[in-house]
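Visitor: Here it is: the structure, laid out below.
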Amino acid sequence: MEGSLHELAQLILNGVITGTILALTGVGATLVFGIHRIANFAHGEYLTFGAYMGLILNTGLGQNLAVSALGAVVGTALLALAVHLLVLKPLRGRGLVAMSLITVGIGLMLRNAVFMVAGPQIRQYAIDQSAVSDLGIARISPGQLVAIVITVVVAPAMALFLGRTPLGKSMRAVADNRDLAAVAGIDVERVGAYVWLLAGGLAGLGGTMFAAVQGAFDPNLGFEVLFLIFTTVVLGGIGSAYGALVAGLVLGLVMELSTWSGLAGGLEARFKPVLAFVALIGLLLYRPQGLFGRARIL
Amino acid sequence: MDFLNPAFWTFVAVVAGIYAILSLGLYVQFSLAGLPNFGHVAFMAVAAYTMAILVVRYAVPMPLAAGAGIVGAVLLALILGIPTLRLRADYLAIATVAGGEIIRYLAMNLPDLTGGPIGSIGLLGPGQIAMYNGDWLAFLDRIGANLSTLVGVRVSRDAVAAILVWLLAGLLVLVLWRCERSPWGRVLKGIREDEAAVTAVGKNVFAFKLQALMLGAVLAAVAGLLLAWQIGVFSPEDYQPTLTFYAYLILILGGMNRLLAIPVGAIAFSLLYSGTRLLNFFPLSLIDSGSRAFLRLFLVGFLLVLLMAVRPQGMLGNRRELLLER
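Top line first, the protein sequences correspond to chains A and B.
Residue numbering for the first sequence follows our numbering, starting at 1 and increasing by one per position.
Residue numbering for the second sequence follows our numbering, starting at 299 and increasing by one per position.
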């Protein structure tokens, strides 16, 4: 029983970390979806880009992980803004599928550009993954420690930003109803650009966090979690920022906790993503507006 | 790679025909009914795996196993369609993305069922080589022998496959041409343009959408079976989401809402795609072949963005009936 409880604490820790990454990246994706009506298939590649920005700063230039993560946030935010201004904004108004296909193309270009520049080999940050600290009830790797610190700082800051600041409120307003927001005097264009900065920055942060927690990664890092990010967006209700914050945490926790051996032996770890898919289909059947969305005509 | 090697180009022709059939499925779903399916490749994967498992493990005859593969793909269409088709199009888009990834993930992680990462060759477990396409190759050889005596020249196996695949593609184009002009096809187009209006005249929009999704799944399954037979060995890596986007590219290359343009799009795409294999002259020869594979996918992405930007109606597109505003 003792061991089982230790395992539970460990899984909760892992779940909170995975959940925070999904929550933060999901907030970006859902706001972009709500404001620009784009299912951004390149979102995973923004994570990859962030992870490699962090890698360059960390192993190439010898910066510590915090500075590297900050650099990744800024770099990825600028990348997302550049893609918006150079490609997506001039081409907008072509409908959901056309815009999404354009982001598919951008994603393919970004991923393969990273492959060409950085090579397909598996990389890791210059952190000593073996220096595990024992917290008595759970053990924590340095990568997880960084992720926990980011979680504790960024997730509440994000909630405050969305709830208290004028810009955060404007973003939620435009995502909810663009025309109404414009009529209320919100500069929709400006908010539209800022939301890409925010989504890009959060994706860059998520990418470095994933890379630090996983320990080893390759240029497929972001693409492999894209469908989990999309699942987070739907679980939270498309366009709902708070929904995505909570849904990401719930999804991360549920996926980790499902493997707990105290739970009738637990699910095999490799079936975690399948659980996310089952949750997605089940939710769409019974609560299509998302966990926290209001029921309205979809 | 030799430019003038006929065997290479025959193989390209076969694959182009298979891509054409795959894209026809997407045509029914997306161009006719307006359903954004981003997980088309999953239908191919389900059909191929079902067929291969039945043939290898249970010695089921090829036609029966192929039928079961198609049924499998239709079941997947039902699983994805029933929860999402009553909702806004975004939901189907996301459910199909997730569905496609889950199928590939399962194929990778259920080695006892699917052979795992090494693919169909491992279906009988380690140490044994599993082959599922013996009947298909024998079938091709029989036709090839008959054709050879008929025309007096030896006809290669791939040439027979190319002829068969393109005959089937042509037949399917004709069938869909008829379907599109039937009352059924007009309802689908109506749903694409204005769902509320179609509901108002008393049509069951959900049922029509589900039918379109299922028909598209059947076509993708046929393409999946043909591709599996043709390549002989497949693994989960052969069902990357990029394959779905190739099908979209073919749809756009030919012309978004032109049925007859799909074969043209498939040929154009295959020429472009295999053409980039020949990009081994200076200065590109300085890049090693591994990086060139990435360069090729990079160019596919670039082409997709460029086409959507400058010519969303495609080469032979129909501007009037261009419907991207969804």
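Yeah, the Cβ is synthetic: ideal placement off N, Cα and C, and Gly gets one too.
Nothing here was measured: the structure is a model prediction, and the numbers come from that model.
1. Taking the alpha carbon of residue 392 of chain B as the reference point, which residue from A:236, A:230 and A:247 has its own alpha carbon closest?
2. Would you kindly work out how many angstroms separate the C-alpha atoms of residue 338 of chain B and residue 510 of chain B, rounded to a whole number?
3. With a threshold of 16 other CB atoms inside 10 Å of the CB of residue 399 of chain B, please say whether the residue is buried or exposed.
4. In angstroms, rounded to a whole number, what distance separates the CA positions of residue 606 of chain B and residue 332 of chain B?
5. Can you give me the C-alpha to C-alpha distance between residue 205 of chain A and residue 40 of chain A, rounded to a whole angstrom?
6. Sort B:549, B:423 and B:348 by Cα distance to residue 320 of chain B and report the nearest one.
7. Leaving out five residues before and five after residue 460 of chain B in sequence, what residues of the same chain have Cβ atoms less than 6 Å from its Cβ?
8. For residue 427 of chain B, tell me which candidate among B:359, B:593, B:516 and B:354 has the shortest Cα-Cα distance.
9. Among the residues of its own chain, which have a CB less than 8 Å from the CB of residue 180 of chain A, if the five just before and after it don't count?
10. At the 9 Å Cβ level, is residue 407 of chain B part of the contact set with chain A, yes or no?
11. Assuming contact is defined by CB atoms lying nearer than 9 Å, are residue 99 of chain A and residue 108 of chain A in contact in what I supplied?
12. Taking 9 Å as the threshold (C-beta atoms), are residue 358 of chain B and residue 486 of chain B in contact?
13. Between residue 603 of chain B and chain A, is any beta-carbon pair separated by less than 9 Å?
14. So with CB distances below 9 Å, who are the chain B contacts of residue 255 of chain A?
15. If we cut at 9 Å on Cβ distances, does residue 173 of chain A have a partner in chain B?
16. Would you kindly report the start and end of the unbroken alpha helix (DSSP H) that includes residue 414 of chain B?
17. Identify the continuous alpha helix (DSSP H) that holds residue 528 of chain B and give its terminal residues.
18. With a CB to CB cut of under 8 Å and the five nearest residues on each side skipped, what residues in its chain are close to residue 474 of chain B?
19. Assign residue 600 of chain B to one of three DSSP states: helix, strand, or coil.
20. Go ahead and label residue 122 of chain A buried or exposed: buried means 16 or more other beta carbons lie within 10 angstroms of its beta carbon, across all protein chains shown.
21. Check whether the Cβ atoms of residue 53 of chain A and residue 25 of chain A sit closer than 9 Å, and answer yes or no.
22. With 9 Å as the limit, tell me which residues of the region 374-401 of chain B have their beta carbon closer than that to any beta carbon of chain A; keep them in chain order.
23. Whose C-beta lies closer than 8 Å to the C-beta of residue 87 of chain A among residues of the same chain, with five residues either side of it excluded?
24. For a cutoff of 9 Å on Cβ pairs, would you count residue 100 of chain A as touching chain B?
25. Verify the CB distance criterion: does residue 357 of chain B have a CB-CB separation below 9 Å to chain A?
26. Within its chain, find whatever has a CB closer than 7 Å to the CB of residue 202 of chain A; leave out the 5 residues flanking it on each side and keep chain order.
27. Got a sec: which bits of the region 523-557 of chain B sit with their beta carbon under 8 Å from any beta carbon on chain A, in order along the chain?
28. Taking DSSP's pairing of strands, which residues face residue 123 of chain A in a bridge?
29. Could you say which of B:450, B:406, B:598 and B:484 lies nearest to residue 542 of chain B if we only look at CA atoms?
30. Using the beta-carbon of each residue, which ones in chain A are nearer than 8 Å to residue 330 of chain B?
Guide: Here's the rundown:
1. Working through the second sequence from its first residue, we reach residue 392 of chain B at position 94. Of the residues A:236, A:230 and A:247, the one whose Cα lies closest to the Cα of residue 392 of chain B is A:230.
2. One-based indexing of the second sequence puts residue 338 of chain B at position 40. One-based indexing of the second sequence puts residue 510 of chain B at position 212. Rounded to the nearest angstrom, the two C-alpha atoms are 13 Å apart.
3. The sequence position of residue 399 of chain B within the second sequence is 101, counting from 1. When all chains shown are included, residue 399 of chain B counts as buried.
4. As a working note, residue 606 of chain B is residue 308 in the second sequence. As a working note, residue 332 of chain B is residue 34 in the second sequence. Their Cα atoms are separated by approximately 17 Å.
5. Translated into positions along the first sequence, residue 205 of chain A becomes position 205. Translated into positions along the first sequence, residue 40 of chain A becomes position 40. If I take the Cα positions, the gap works out to 17 Å.
6. Position 22 of the second sequence, counting from 1, holds the residue named residue 320 of chain B. Nearest C-alpha to residue 320 of chain B: B:549.
7. Reading the second sequence from its first residue, position 162 is the one you call residue 460 of chain B. Residues 308, 311 and 312 of the same chain have their beta carbon placed closer than 6 Å to that of residue 460 of chain B, with the five preceding and five following residues left out of the count.
8. Looking up residue 427 of chain B in the second sequence gives position 129. Selected option, being the one with the closest Cα: B:354.
9. As a first step, residue 180 of chain A is located in the first sequence; it is residue number 180 there, counting from the start. Same-chain partners within the cutoff: 173.
10. Walking along the second sequence from the start, residue 407 of chain B turns up at place 109. It does; some Cβ of chain A falls within 9 Å.
11. Against the first sequence, residue 99 of chain A aligns to sequence position 99. Against the first sequence, residue 108 of chain A aligns to sequence position 108. By the CB criterion at 9 Å, residue 99 of chain A and residue 108 of chain A fall outside the cutoff.
12. The residue you call residue 486 of chain B lines up with position 188 of the second sequence. The residue you call residue 358 of chain B lines up with position 60 of the second sequence. No. Outside cutoff.
13. Numbered from its first residue, the second sequence carries residue 603 of chain B at position 305. With 9 Å as the cut-off, residue 603 of chain B counts as an interface residue toward chain A.
14. Along the first sequence, one-based indexing puts residue 255 of chain A at 255. Chain B residues near residue 255 of chain A: none, gap ~13 Å exceeds 9 Å.
15. Locating residue 173 of chain A in the first sequence gives position 173, counting from the first residue. Taking Cβ atoms only, chain B never reaches closer than 9 Å to residue 173 of chain A, which makes this a no.
16. Translated into the one-based positions of the second sequence, residue 414 of chain B becomes position 116. Taken as a continuous stretch (DSSP letters only), residue 414 of chain B belongs to no alpha helix (DSSP H), as it is neither H nor E.
17. The sequence position of residue 528 of chain B within the second sequence is 230, counting from 1. Looking at the DSSP string, the run of the alpha helix (DSSP H) that includes residue 528 of chain B is 503-529.
18. Position 176 of the second sequence, counted from the start, is the residue given in the question as residue 474 of chain B. Here the set comprises 322, 325, 326 and 557.
19. For the purposes of this step, residue 600 of chain B is taken as residue 302 along the second sequence, with counting starting at 1. In the structure shown, residue 600 of chain B sits in a helix (DSSP, three-state: H, G or I).
20. Locating residue 122 of chain A in the first sequence gives position 122, where the first residue counts as 1. Exposure of residue 122 of chain A is indicated by the presence of fewer than 16 other C-beta atoms within 10 angstroms of its C-beta.
21. Reading the first sequence from its first residue, position 53 is the one you call residue 53 of chain A. Reading the first sequence from its first residue, position 25 is the one you call residue 25 of chain A. No, the pair does not count as a contact, with Cβ atoms beyond the cut-off.
22. Within the region 374-401 of chain B, the residues whose Cβ lies closer than 9 Å to some Cβ of chain A are 377, 378, 380, 381, 382, 384, 385, 386, 387, 388, 389, 391, 392, 393, 395, 396, 397, 398, 399 and 400, listed in chain order.
23. As a first step, residue 87 of chain A must be located in the first sequence, where it is residue number 87. Closer than 8 Å at Cβ, skipping near neighbours: 102 and 106.
24. Here residue 100 of chain A refers to the residue found at position 100 when the first sequence is read from its first residue. Taking CB atoms only, residue 100 of chain A has a neighbour in chain B less than 9 Å away.
25. Reading the second sequence from its first residue, position 59 is the one you call residue 357 of chain B. No, no contact with chain A.
26. Your numbering for residue 202 of chain A matches position 202 in the first sequence. In its chain, beyond the 5 residues on either side, 24, 25, 27 and 28 have a beta carbon closer than 7 Å to the beta carbon of residue 202 of chain A.
27. Hits within the stretch, in order: 540, 543, 546 and 550.
28. Locating residue 123 of chain A in the first sequence gives position 123, where the first residue counts as 1. Under DSSP, residue 123 of chain A forms a beta bridge with A:217.
29. Stepping through the second sequence from its first residue, residue 542 of chain B is reached at position 244. Selected option, being the one with the closest Cα: B:598.
30. Taking the first residue of the second sequence as 1, we reach residue 330 of chain B at position 32. Within chain A, not a single residue places a beta-carbon under 8 Å from that of residue 330 of chain B; the smallest gap is close to 14 Å.
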